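In this note's numbering, the protein residues as written are 1 to 256.
Shown next as structure tokens:
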């Protein structure tokens, strides 16, 4: 049964101001796990003790590509102590999108991460779908260039949708290589750019089908993320969690 996690980037300002209190609130709302993007200078032992107290699991950590390139041993040691197995590439700047070089580096990083008993994954945005290598989206070329035993998929389903593809179809395509999805909804601004909103409050009519497909594909975690919020972020994550509770009440096989 899939579990529900939160990407803590959603509550980054609250977390910076009150790290412990924010994690307590996330746990109180019912989230079973958290995905980090920074630890605000805290050591792994203390963070792990707090998570154990709150019965929160570590879903994974978004680790900047440059950190994986230049400080991989340090990152591996920290996350082994934390009890986190997923090191996830969160984003690439335009300068970092040198695809042949990236694929070679991810193979090398993935080998070392695997040797240490951890797992490397990659989180997409829309550019991996809109940019192509030959006639194929970078998204697919990436996962062909790096084998499944070295690189797993963390699919951001909203960015797949915004990139012009069917997230349900893409989930099926990566079945067995997809331990985590990001589930989010979106609206559009006056320039037709994506604006993330609470689950059920936007234009993504496929949310239930996406969640069904992810569970059918055997994902471990359905992770809520809202990049920016027009409402107080704690309120937003509560609204999104209520959507997932309603999904579960209607028969969805998810642990809430």
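C-beta atoms are modelled at their ideal positions from N, C-alpha and C, and glycine is treated no differently.
As the structure is a prediction and not an experimental result, all values here were calculated from the model.
Please list the terminal residues of the continuous alpha helix (DSSP H) segment that includes residue i.
{"i": "residue 250", "result": "It is not in any alpha helix (DSSP H) - residue 250 carries neither H nor E in the DSSP assignment."}
{"i": "residue 57", "result": "That residue, residue 57, is in no alpha helix (DSSP H); its beta strand (DSSP E) goes 57-62."}
{"i": "residue 29", "result": "19-29"}
{"i": "residue 128", "result": "127-130"}
{"i": "residue 214", "result": "207-216"}
Of the choices the options, whose alpha-carbon is the least far from that of residue i?
{"i": "residue 241", "options": "222, 228, 227", "result": "222"}
{"i": "residue 211", "options": "167, 95, 232", "result": "167"}
{"i": "residue 130", "options": "104, 160, 109, 152", "result": "160"}
{"i": "residue 171", "options": "192, 188, 237, 206", "result": "206"}
{"i": "residue 62", "options": "86, 53, 46, 73", "result": "86"}
{"i": "residue 52", "options": "67, 40, 33", "result": "33"}
{"i": "residue 148", "options": "178, 19, 104, 204", "result": "178"}
{"i": "residue 174", "options": "162, 193, 78, 139", "result": "139"}
{"i": "residue 169", "options": "213, 191, 189, 162", "result": "213"}
{"i": "residue 44", "options": "82, 195, 94, 100", "result": "82"}
{"i": "residue 49", "options": "24, 245, 71", "result": "24"}
{"i": "residue 97", "options": "74, 78, 36, 125", "result": "125"}
I'd like to check one pair, residue j with residue i: are the Cβ atoms closer than 8 Å?
{"i": "residue 180", "j": "residue 154", "result": "yes"}
{"i": "residue 7", "j": "residue 182", "result": "yes"}
{"i": "residue 146", "j": "residue 84", "result": "no"}
{"i": "residue 255", "j": "residue 80", "result": "no"}
{"i": "residue 202", "j": "residue 243", "result": "no"}
{"i": "residue 150", "j": "residue 110", "result": "yes"}
{"i": "residue 234", "j": "residue 89", "result": "no"}
{"i": "residue 76", "j": "residue 113", "result": "yes"}
{"i": "residue 208", "j": "residue 247", "result": "yes"}
{"i": "residue 236", "j": "residue 198", "result": "yes"}
{"i": "residue 16", "j": "residue 39", "result": "no"}
{"i": "residue 194", "j": "residue 162", "result": "yes"}
Let's see if you can read the secondary structure: which residues bound the beta strand (DSSP E) around residue i?
{"i": "residue 223", "result": "221-224"}
{"i": "residue 195", "result": "194-197"}
{"i": "residue 35", "result": "33-36"}
{"i": "residue 134", "result": "From DSSP, residue 134 is part of no beta strand (DSSP E); its letter is neither H nor E."}
{"i": "residue 7", "result": "2-7"}
{"i": "residue 120", "result": "119-123"}
Is residue i close to chain C, meaning its C-beta is less than 8 Å from at least one C-beta of that chain?
{"i": "residue 173", "result": "The structure shown has no chain C; it contains just one protein chain."}
For the pair the stretch 43-59 and the stretch 114-123, tell me if three or more CB-CB distances fall below 8 Å.
no
With a floor of 3 residues, list each beta strand (DSSP E) that falls wholly inside the stretch 41-100, ordered by position along the chain.
57-62, 86-89
Are three or more beta carbon pairs between the stretch 182-191 and the stretch 218-232 nearer than 8 Å?
yes
Ranges of the alpha helix (DSSP H) found wholly within the stretch 144-187, counting only runs of at least 4:
157-162, 167-173
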